[in-house]
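A short worksheet on the structure shown next.
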Amino acid sequence: MKKILYLMIGVLVAVACQKEPSTLDPDNEYLVYTAPAKGMDFQKFKLFYLPDSLLVIGQGSQPYYSESVNAQALIQEFADNMIHYGYLSTTNRAEADLGVQLTYIVHTERFVQYYEHPYWWIDYPGYWNPNFWGDWYGYYYPGPMTYTYSTNALLADMVDLTANPGNGKALNVVWAAYMGGPAGPSLYYDVRRMKESIDQAFKQSTYLDVRQPQTIN
Amino acid sequence: MKKLTCLLVSLFAFLLLVNEADAQMGKRSYINIGWQFNAPISNQFVDRAQGYGAYIQSGYYVTPMLAVGTFSSFGTNDEYYPKQTYQLEDGAAVTTDLYRSIFQTPFGVSVRMRASWCEFQPYFEAKIGAEYSLQSVYMSTFISRVSNWGFYVSPEIGLSYYPFHKDDVGFHFAAYYSYSTNHHDGFDIHGLNNLGFKLGIAF
Numbered sequence: 001m002k003k004i005l006y007l008m009i010g011v012l013v014a015v016a017c018q019k020e021p022s023t024l025d026p027d028n029e030y031l032v033y034t035a036p037a038k039g040m041d042f043q044k045f046k047l048f049y050l051p052d053s054l055l056v057i058g059q060g061s062q063p064y065y066s067e068s069v070n071a072q073a074l075i076q077e078f079a080d081n082m083i084h085y086g087y088l089s090t091t092n093r094a095e096a097d098l099g100v101q102l103t104y105i106v107h108t109e110r111f112v113q114y115y116e117h118p119y120w121w122i123d124y125p126g127y128w129n130p131n132f133w134g135d136w137y138g139y140y141y142p143g144p145m146t147y148t149y150s151t152n153a154l155l156a157d158m159v160d161l162t163a164n165p166g167n168g169k170a171l172n173v174v175w176a177a178y179m180g181g182p183a184g185p186s187l188y189y190d191v192r193r194m195k196e197s198i199d200q201a202f203k204q205s206t207y208l209d210v211r212q213p214q215t216i217n
Numbered sequence: 218m219k220k221l222t223c224l225l226v227s228l229f230a231f232l233l234l235v236n237e238a239d240a241q242m243g244k245r246s247y248i249n250i251g252w253q254f255n256a257p258i259s260n261q262f263v264d265r266a267q268g269y270g271a272y273i274q275s276g277y278y279v280t281p282m283l284a285v286g287t288f289s290s291f292g293t294n295d296e297y298y299p300k301q302t303y304q305l306e307d308g309a310a311v312t313t314d315l316y317r318s319i320f321q322t323p324f325g326v327s328v329r330m331r332a333s334w335c336e337f338q339p340y341f342e343a344k345i346g347a348e349y350s351l352q353s354v355y356m357s358t359f360i361s362r363v364s365n366w367g368f369y370v371s372p373e374i375g376l377s378y379y380p381f382h383k384d385d386v387g388f389h390f391a392a393y394y395s396y397s398t399n400h401h402d403g404f405d406i407h408g409l410n411n412l413g414f415k416l417g418i419a420f
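Read top to bottom, the protein sequences are chains A and B. The first sequence begins at 1 in this note's numbering and counts up by one. The second sequence begins at 218 in this note's numbering and counts up by one.
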């Protein structure tokens with residue numbers, strides 16, 4: 001009886017931890033967070049300037065500006081939403097009321113795990129027989145099992161260019177957005193999700209809408 | 218007040234001495250261990266019933282019918298909320314799907330009153346103690362988590378069944394209600410109420 005008791009207590013201790021939900025994102029959509037500057041009236045802004053490149057952080061040792069097709073797709077989606085909400089695009093940075101900067105961030109975590117027998121495929125029926133290479137028995141893999149987990153995000157900042165610049169003055173960020181989550185299986189897939197997230201960011205920020213309400217004559 | 222004191226003393230004496238005259242009470246100690254299914258009730262945070270839990274409780278019969286003991290259990294209830302937009306302070310907003318989760322682990326002391334000590338042993342038990350709880354919100358790659366302690370009470374009815382006459386091993390079934398005073402305004406938690414049942418082995 002004692003053996004059974006110890007076994008049960010062992011099982012209880014082994015499972016005595018909090019069950020965590022699956023790390024897989026159930027709906028495979030990005031989290032979209034937006035925040036305006038407190039008390040900001042966006043009606044005072046009309047012209048916006050959006051650079052034609054996207055700052056990329058996390059791909060390579062240094063951040064860099066990308067003008068790739070994917071970058072252009074995200075920039076265009078953002079610009080379309082700005083125009084839809086009543087702003088006008090300008091290519092003259094000096095005359096813009098609002099500056100928009102977009103940043104793409106990739107973050108990869110690399111995990112290393114030591115399993116007793118991680119290379120399960122060795123036992124898969126039909127896997128390469130070591131005899132194929134001569135008088136060998138079995139395989140020896142020297143390293144541990146590794147895997148990676150990546151997240152990516154698109155950040156958007158709108159800065160107020162109507163204020164007078166000066167030494168020691170901080171540039172006012174009047175709207176910030178974060179759109180991110182676990183990275184998808186392909187960049188194409190993630191760009192599609194990010195475009196939808198940009199739409200959602202504007203949808204949940206109706207205070208950005210500076211269109212004049214239509215009147216009925 | 219005097220009547221109430223008299224009543225309480227009489228009740229205590231009854232619990233201690235009931236069936237004391239019966240001779241054979243067999244093994245004096247017990248241990249119950251097994252799986253727990255829990256359903257949070259009256260809870261705005263998570264109200265989904267799930268069986269991610271386990272329990273262990275033990276005691277010693279100070280009289281043939283009355284035992285004092287200790288208990289401990291744990292369990293998680295989580296619930297998935299599809300994507301929606303949440304309005305935050307100062308115009309901020311977040312759109313996401315999320316999981317909410319409550320982890321509860323109460324422990325303390327108990328008093329058990331069994332109706333018989335034969336093959337079937339139905340009982341009533343009252344538990345009192347403390348509960349440590351974690352409440353979590355999982356949003357994409359973020360977790361918002363708080364922890365708190367509360368005072369815990371739980372009445373329980375159950376049955377220990379010993380079908381093997383030459384052994385002390387049997388089966389255990391119980392149903393319970395529990396309440397703890399855990400509190401967190403941000404997650405709208407004002408006490409944790411639960412209903413549930415337990416299936417396990419009785420020693």
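Built from N, CA and C at the ideal position, the CB exists for glycine as well.
Starting from the C-beta of Ser-197 (chain A), find all residues in its chain whose C-beta is less than 6 Å away, skip the five residues before and the five after it, and write them out in chain order.
Within the first sequence, the letter at position 197 stands for residue 197 (chain A). Only Tyr-30, Val-32, Met-179 meet the Cβ criterion.
If you draw a straight line from the alpha carbon of Thr-227 (chain A) to that of Asn-129 (chain A), how long is it in whole angstroms?
No information on residue 227 (chain A) is available, as it lies outside the stretch 1 to 217 that chain A covers here.
Tell me which residues share the same chain as Leu-409 (chain B) and place their Cβ nearer than 6 Å to its Cβ, disregarding the 5 neighbours each side in the sequence.
Counting from one through the second sequence, the residue named residue 409 (chain B) turns up at place 192. The beta carbon of Leu-409 (chain B) sits closer than 6 Å to those of Ser-397, Asn-399, all from its chain and outside the five residues before and after it, given in chain order.
List, from N- to C-terminal side, the beta strand (DSSP E) runs of 3 residues or more that fit wholly inside the segment 48-112 of chain A.
Residue ranges of uninterrupted beta strand (DSSP E) with 3 or more members, entirely inside the segment 48-112 of chain A and ordered along the chain, are 54-57, 64-66.
Would you give the residue range spanned by the alpha helix (DSSP H) that Met-194 (chain A) belongs to?
Mapped onto the first sequence, residue 194 (chain A) falls at position 194. Per DSSP, Met-194 (chain A) is one residue of the alpha helix (DSSP H) stretching across 187-203.
Span separating the alpha-carbon of Leu-315 (chain B) from that of Thr-302 (chain B):
Along the second sequence, one-based indexing puts residue 315 (chain B) at 98. Along the second sequence, one-based indexing puts residue 302 (chain B) at 85. Those two C-alpha atoms are separated by around 11 Å.
Sequence-distant residues of its chain with Cβ nearer than 7 Å to Gly-292 (chain B) (five each side left out):
Looking up residue 292 (chain B) in the second sequence gives position 75. Scanning its chain for C-beta atoms nearer than 7 Å, with the 5 sequence neighbours on each side dropped, one finds around Gly-292 (chain B) the residues Gln-253, Asn-255, Tyr-269, Gly-270, Gln-321, in chain order.
Does the segment 284-299 of chain B come close enough to the segment 179-191 of chain A that 3 or more CB-CB pairs lie under 8 Å?
Touching, no, given that fewer than three Cβ pairs across the two stretches are closer than 8 Å.
Would you kindly work out how many angstroms separate the C-alpha atoms of Arg-317 (chain B) and Tyr-297 (chain B), rounded to a whole number?
By 1-based counting over the second sequence, the position of residue 317 (chain B) is 100. By 1-based counting over the second sequence, the position of residue 297 (chain B) is 80. The alpha-carbon atoms of Arg-317 (chain B) and Tyr-297 (chain B) are separated by roughly 7 Å.
Just the Cα atoms here: how many angstroms apart are Gly-168 (chain A) and Gly-86 (chain A)?
Reading the first sequence from its first residue, position 168 is the one you call residue 168 (chain A). Reading the first sequence from its first residue, position 86 is the one you call residue 86 (chain A). C-alpha separation (whole angstroms): 32 Å.
Rounded straight-line distance, which links the Cα of Ala-163 (chain A) to that of Ala-170 (chain A):
Taking the first sequence and counting its residues from 1, the one referred to as residue 170 (chain A) is at position 170. Taking the first sequence and counting its residues from 1, the one referred to as residue 163 (chain A) is at position 163. Cα to Cα, Ala-170 (chain A) sits roughly 10 Å from Ala-163 (chain A).
For chain B, is any of its Cβ atoms less than 7 Å away from the one on Tyr-33 (chain A)?
Along the first sequence, read from residue 1 onward, the residue named residue 33 (chain A) stands at position 33. Residue-level contact check: Tyr-33 (chain A) touches chain B, since one or more beta carbons of chain B fall below 7 Å from its beta carbon.
Which same chain residues end up closer than 6 Å to Tyr-247 (chain B) when comparing Cβ atoms and leaving out the 5 residues on each side of it in sequence?
Position 30 of the second sequence holds residue 247 (chain B). Once the five neighbours on either side are set aside, the close Cβ partners of Tyr-247 (chain B) are Gly-276.
Going along the segment 167-195 of chain A in order, which residues come within less than 8 Å of chain B, judged by CB to CB distance?
Listed by position along the chain: Gly-180, Gly-181, Pro-182.
Ile-248 (chain A): buried (16+ other C-beta within 10 angstroms of its C-beta) or exposed?
Outside the shown range of chain A, which is 1 to 217, sits residue 248 (chain A), and nothing can be said about it.
Step through the CB atoms of chain A and report whether any lies within less than 7 Å of the CB of Thr-313 (chain B).
Start at 1 with the first residue of the second sequence, and residue 313 (chain B) comes out as number 96. Yes, its Cβ sits closer than 7 Å to a Cβ of chain A.
Grouping DSSP H, G and I as helix and E and B as strand, with all else coil, what is Asp-239 (chain B)?
Locating residue 239 (chain B) in the second sequence gives position 22, where the first residue counts as 1. Reliability fails at Asp-239 (chain B), whose pLDDT of 40 lies under 50, so the model's placement of it is uncertain and the value that follows must be treated cautiously. In the three-state DSSP reduction, Asp-239 (chain B) falls in the coil class, being neither helix nor strand.
Spatial neighbours of Ala-73 (chain A) within its chain, please: CB distance less than 8 Å, with the 5 preceding and 5 following residues excluded, ordered by chain position.
For this step, residue 73 (chain A) is matched to residue 73 along the first sequence. Close CB contacts of Ala-73 (chain A) within its chain, under the 8 Å cut and outside five residues either way in sequence, are with Val-191, Lys-195 (chain order).
Looking at the structure shown, is Gln-253 (chain B) part of a helix, part of a strand, or coil, going by DSSP?
The residue given as residue 253 (chain B) occupies position 36 in the second sequence. Secondary structure of Gln-253 (chain B) (DSSP, three-state): strand.
Going by the C-beta, is Ala-419 (chain B) closer than 6 Å to any heavy atom of the ligand NAP?
This structure lacks the ligand NAP, and indeed carries no ligand of any kind.
Member of B:Gln-352, B:Phe-420, B:Asn-249, B:Asp-405 whose CA lies at the smallest distance from the CA of Ile-319 (chain B)
The sequence position of residue 319 (chain B) within the second sequence is 102, counting from 1. Looking only at B:Gln-352, B:Phe-420, B:Asn-249, B:Asp-405, the smallest Cα-Cα distance to Ile-319 (chain B) is reached by B:Gln-352.
Please report how far the alpha carbon of Ser-327 (chain B) lies from the alpha carbon of Asp-402 (chain B), in whole angstroms.
Start at 1 with the first residue of the second sequence, and residue 327 (chain B) comes out as number 110. Start at 1 with the first residue of the second sequence, and residue 402 (chain B) comes out as number 185. One C-alpha to the other measures close to 30 Å.
Ala-230 (chain B) in three-state terms, based on DSSP
Translated into the one-based positions of the second sequence, residue 230 (chain B) becomes position 13. Because Ala-230 (chain B) sits at a pLDDT of 44, beneath the cut-off of 50, its placement in the model cannot be relied upon, and the point is left open.
Using only the alpha-carbon positions, how far apart do Phe-337 (chain B) and Pro-21 (chain A) sit?
The residue you call residue 337 (chain B) lines up with position 120 of the second sequence. The residue you call residue 21 (chain A) lines up with position 21 of the first sequence. Taking the straight line joining both Cα atoms gives about 39 Å.
Anything in chain A within Cβ reach of Pro-299 (chain B), meaning under 9 Å, just list it in chain order.
Numbered from its first residue, the second sequence carries residue 299 (chain B) at position 82. Ordered by position in chain A, the residues that pass the 9 Å Cβ test against Pro-299 (chain B) are Pro-26, Asp-27.
According to DSSP, which residues form a beta bridge with Asn-410 (chain B)?
Working through the second sequence from its first residue, we reach residue 410 (chain B) at position 193. The beta-bridge partner set that DSSP reports for Asn-410 (chain B) consists of B:Ile-258, B:Tyr-396.
Own chain, CB closer than 7 Å to Asp-239 (chain B), minus 5 neighbours either side, in chain order:
Here residue 239 (chain B) refers to the residue found at position 22 of the second sequence. Below a pLDDT of 50, predicted positions are generally treated as unreliable, and Asp-239 (chain B), at 40, falls in that range; the measurement from the model is reported next regardless. Hits under 7 Å: Pro-281.
Using the C-alpha atoms, what's the distance from Pro-339 (chain B) back to Pro-372 (chain B)?
By one-based count along the second sequence, residue 372 (chain B) stands at place 155. By one-based count along the second sequence, residue 339 (chain B) stands at place 122. Answer to the nearest angstrom: the Cα atoms are 14 Å apart.
Check whether Gly-387 (chain B) and Tyr-378 (chain B) have beta carbons under 7 Å apart
On the second sequence, residue 387 (chain B) is found 170 positions in, with the first residue counted as 1. On the second sequence, residue 378 (chain B) is found 161 positions in, with the first residue counted as 1. Cβ distance < 7 Å, so Gly-387 (chain B) and Tyr-378 (chain B) count as in contact.
Tell me, to the nearest whole angstrom, how far the beta carbon of Phe-42 (chain A) is from that of Leu-208 (chain A); I am working on the premise that it is less than 8 Å.
As a first step, residue 42 (chain A) is located in the first sequence; it is residue number 42 there, counting from the start. As a first step, residue 208 (chain A) is located in the first sequence; it is residue number 208 there, counting from the start. About 5 Å separates the Cβ atoms of Phe-42 (chain A) and Leu-208 (chain A), confirming a contact at the 8 Å cut-off.
Going by other Cβ atoms of all chains shown within 10 Å of its Cβ, with 16 needed for buried, is Thr-206 (chain A) buried or exposed?
For the purposes of this step, residue 206 (chain A) is taken as residue 206 along the first sequence, with counting starting at 1. Residue environment analysis places Thr-206 (chain A) among the exposed positions, since fewer than 16 neighbouring C-beta atoms fall within 10 angstroms of its C-beta.
Would you identify the three-state DSSP class for Phe-42 (chain A), choosing helix, strand or coil?
One-based indexing of the first sequence puts residue 42 (chain A) at position 42. Phe-42 (chain A) falls in the helix class under three-state DSSP.
Of the residues A:Leu-161, A:Arg-211, A:Val-210, the one placed nearest Asp-97 (chain A), counting alpha carbons only
Reading the first sequence from its first residue, position 97 is the one you call residue 97 (chain A). Asp-97 (chain A) has its Cα closest to that of A:Leu-161, out of A:Leu-161, A:Arg-211, A:Val-210.
Delimiting residues of the beta strand (DSSP E) encompassing Leu-171 (chain A):
Your numbering for residue 171 (chain A) matches position 171 in the first sequence. For Leu-171 (chain A), there is no enclosing beta strand (DSSP E), as DSSP marks it with neither H nor E.
Looking at the unbroken beta strand (DSSP E) that takes in Pro-281 (chain B), where does it start and where does it end?
As a first step, residue 281 (chain B) must be located in the second sequence, where it is residue number 64. In the DSSP assignment, Pro-281 (chain B) falls outside any beta strand (DSSP E), carrying neither H nor E.
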